[in-house]
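Enquirer: Starting off with a structure, shown below.
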Amino acid sequence: MMKLTGPWVKTKAPDTKPQLIMMRPIQRRALGGEDPIKRLLPKLLPEFLEVVWPLLGHAIVSDPRNAWRFEFLLGDRLSFGAQNPAALRLPEDMLFAWAHAHPGVAPAFLAVVFPVLVNRDPQRGTNAFHPMTKRLIDEFGDREDVLRAITRNMHTFGWSGSQEPYLAMYLEPFRGLANHPIGAVRRWAARSMAQLEKMMSAAREQEDEQNAVWE
């Protein structure tokens, strides 16, 4: 059973010099958005969890204004097709213990880096919220910052062709929240579905106008 106490949960950064030296290039690449460290991180995190995560976790929660800089490293929102963010290489219970220890920053951060849906392929039919995002909704759905972060995550994606099928993928997962025990989640789901329907209608109109130009 994984121990949920210790520095990798509380994210108090160690003061050892080798670890700080190791962290500096990660921080620089988070600022600059370079690819090599992003490719390395999925392997680095599981193998050196007790060294790397306290440093990353501390950097994220110590200055919320700069937390977004680490979204590129741990997330995968801009990819086409299946998402495989580095954050999913970390133990689930450890991440949620960290989120509960830092509720003002950590849950909203995770809401941006976790995939929103199980898949992002409209051709695969019925969709659902990714289990990590669903757990965030269940445990932190009373926080507006978390719900806003999920919405922001939803609307940051790559697509080809019509945008409508991609927006439609979210309708069924939101319908599943109609009877959620948290009132804020139910209201958010209703607002989100209304907004999605409006965006889908606008996408259809835009597509019709484009088709008319080429006819």
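Residue 288 is where the sequence shown starts when you use our numbering, and the numbers rise one by one after that.
All C-beta atoms, glycine included, are put in the ideal place defined by N, C-alpha and C.
Only a predicted model underlies this, so the values are computations on that prediction, with no experimental measurement involved.
1) Nearest to Pro329 by CA position, among Thr443, Arg352, His467 and Pro378, is which residue?
2) Taking only three categories from DSSP, how would you classify Phe359?
3) Nearest by alpha-carbon distance to Pro372: which of Gly362, Lys485 and Gly391 is it?
4) Is it the case that the Cβ atoms of Val433 and Phe416 are separated by a distance below 8 Å?
5) With a threshold of 16 other CB atoms inside 10 Å of the CB of Gly470, please say whether the residue is buried or exposed.
6) What residues in its chain sit with their C-beta under 8 Å from that of Asn466, if we drop five residues either side in the sequence?
7) Along the chain, which unbroken stretches of the alpha helix (DSSP H) at least 4 residues long are found entirely within the segment 403 to 461?
8) Give the range of the alpha helix (DSSP H) segment to which Gly344 is assigned.
9) Note the first and the last residue of the continuous alpha helix (DSSP H) segment covering Ala398.
10) To the nearest angstrom, report how far apart Phe359 and Trp385 are at their CA atoms.
Expert: Walking through what the data contain:
1) Counted from its first residue, the sequence shown places residue 329 at position 42. If we check each option's Cα against that of Pro329, Pro378 comes out closest.
2) Against the sequence shown, residue 359 aligns to sequence position 72. Three-state DSSP puts Phe359 in a helix.
3) Here residue 372 refers to the residue found at position 85 of the sequence shown. Among Gly362, Lys485 and Gly391, the Cα nearest to that of Pro372 belongs to Gly362.
4) Position 146 of the sequence shown, counting from 1, holds the residue named residue 433. Position 129 of the sequence shown, counting from 1, holds the residue named residue 416. No, these two residues do not count as a Cβ contact at 8 Å.
5) The residue labelled residue 470 in the question sits at position 183 within the sequence shown. By the 10 Å Cβ count, Gly470 comes out exposed.
6) Start at 1 with the first residue of the sequence shown, and residue 466 comes out as number 179. Only Arg473 meet the Cβ criterion.
7) 418 to 427, 431 to 441 and 451 to 455
8) As a first step, residue 344 must be located in the sequence shown, where it is residue number 57. Gly344 -> alpha helix (DSSP H) spans Leu336 to Ser349.
9) Start at 1 with the first residue of the sequence shown, and residue 398 comes out as number 111. Unbroken alpha helix (DSSP H) run through Ala398: Ala393 to Val400.
10) If you number the sequence shown from 1, residue 359 lands on position 72. If you number the sequence shown from 1, residue 385 lands on position 98. One C-alpha to the other measures close to 19 Å.
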